[in-house]
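Engineer: Have a look at the structure that comes next, please.
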Amino acid sequence: MSSQARILMCPPDHYGIEYEINPWMNRSLGAVRALAFRQWQQLHDTLVSLGVKVETMVPQPGLPDLVFTANAGLIFHNTFLSSRFRHEVRAKESPHFDAWFAEHGFTVTHLPETSFHEGAGDALFCGDTLFAGYRTRSDASAHQWVGKTFEVRVLPLELVNPRFYHLDTCFCPIAPGEAIYFPDAFDTYGKRVLHTHVPKLIPVAEEEAFRFGCNAVVVGKTVVHNSQCPRLAEDLTRAGYRAIEVELDEFLKAGGSAKCLTLRLDGEEAAGWKYGEQPV
């Protein structure tokens, strides 16, 4: 495996709030496309400055959420498990993602037609364990299918707050046995699972969780997250990490932030801690 982190992004040429499929979306507010592109570019450039190889795919008219590549599917080694979206407006993205991955040497596979699974948005490795969010977008049974197919341990976590509809909005592994999370996004059992299997959990305050502070990108010992999360930045610094804030408010309007805008091409199991710190 290359020592360089690899991430897929999609420019926001056609990004906008064209429908409402989560509580963040409001068509009457819309998005400022020029500002969205500047914010996306800042995230892109920040990742490149950390030594990440960022690859891009061609944006498509009529697919405003194609920009959120984390939901494309789940990558495990050289296999791309294509998402099976719950909403038809997003299911139209899958052929474009499938084609990109097939053209770039991945084995493309699909879930059973009877299940829903929204890729790395709801499936995150912390060490060797795949933590899997379910209820709003993905099915618990789909996660178990993934576990059997890839022969990995899966721990399903029920998401109980509709604003945190994907796992990556409220949970972010930063090292084996370490993660940031928003406790109130999970039920009592889910919180117990996290405390049992993740020895070091850094809770994110409610106001910063609503800034999608947990929706972060980890590269080595650096965590890139949305702006105006000072307590999270301080907690990460105390834990030995470097926090970099990038304003992504135009994407927050659609219920997304840094993690949503990125997909690890080296696989979610090859989390950021496998890579040494890169010079800035």
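1376 is the number of the first residue of the sequence shown in the working numbering; add one for each residue after it. Each residue gets a CB set at the ideal place from its N, CA and C atoms; glycine is no exception.
(1) Quick check on the burial criterion: 16 or more other C-beta atoms within 10 angstroms. Buried or exposed for residue 1613?
(2) Count the other CB atoms, across all protein chains shown, that sit within 10 Å of the CB of residue 1532; report buried if there are 16 or more and exposed otherwise.
(3) Could you tell me if residue 1528 is buried or exposed, where buried requires 16 or more neighbouring beta carbons within 10 angstroms of its beta carbon?
(4) At which residues does the alpha helix (DSSP H) containing residue 1413 begin and terminate?
(5) What residue range is occupied by the uninterrupted alpha helix (DSSP H) comprising residue 1591?
(6) Less than 8 Å between the CB atoms is what I'm expecting for residue 1486 and residue 1459, so what's the real figure, rounded?
(7) Is it the case that the Cβ atoms of residue 1492 and residue 1469 are separated by a distance below 9 Å?
(8) Which complete beta strand (DSSP E) runs does the segment 1472 to 1516 hold, if anything under 3 residues is left out?
(9) Residue 1328: buried (16+ other C-beta within 10 angstroms of its C-beta) or exposed?
(10) Which of the three DSSP states is assigned to residue 1601 in this structure?
(11) Among residues of its own chain, excluding the 5 on either side of residue 1481, which ones have a beta-carbon nearer than 8 Å to its beta-carbon?
(12) So, helix, strand or coil for residue 1457, using DSSP?
(13) Tell me which same chain residues have a C-beta within less than 7 Å of the C-beta of residue 1483, skipping the five on either side of it?
(14) Alpha carbon to alpha carbon, what distance is there between residue 1397 and residue 1541?
(15) Taking the alpha carbon of residue 1622 as the point to measure from, which residue in 1630, 1503, 1548, 1415 has its own alpha carbon closest?
(16) Which residues bound the alpha helix (DSSP H) around residue 1586?
(17) I need the straight-line Cα distance from residue 1627 to residue 1430, nearest angstrom please.
Structural biologist: In terms of the structure at hand:
(1) exposed
(2) buried
(3) exposed
(4) 1408 to 1424
(5) Neither: residue 1591 is in no alpha helix (DSSP H) and is coded neither H nor E.
(6) 5 Å
(7) no
(8) 1482 to 1485, 1498 to 1501, 1504 to 1509
(9) The structure shown has nothing for residue 1328, since the chain only spans 1376 to 1655.
(10) strand
(11) 1450, 1453, 1454, 1455
(12) strand
(13) 1455, 1457, 1473, 1476, 1477
(14) 10 Å
(15) 1415
(16) Neither: residue 1586 is in no alpha helix (DSSP H) and is coded neither H nor E.
(17) 23 Å
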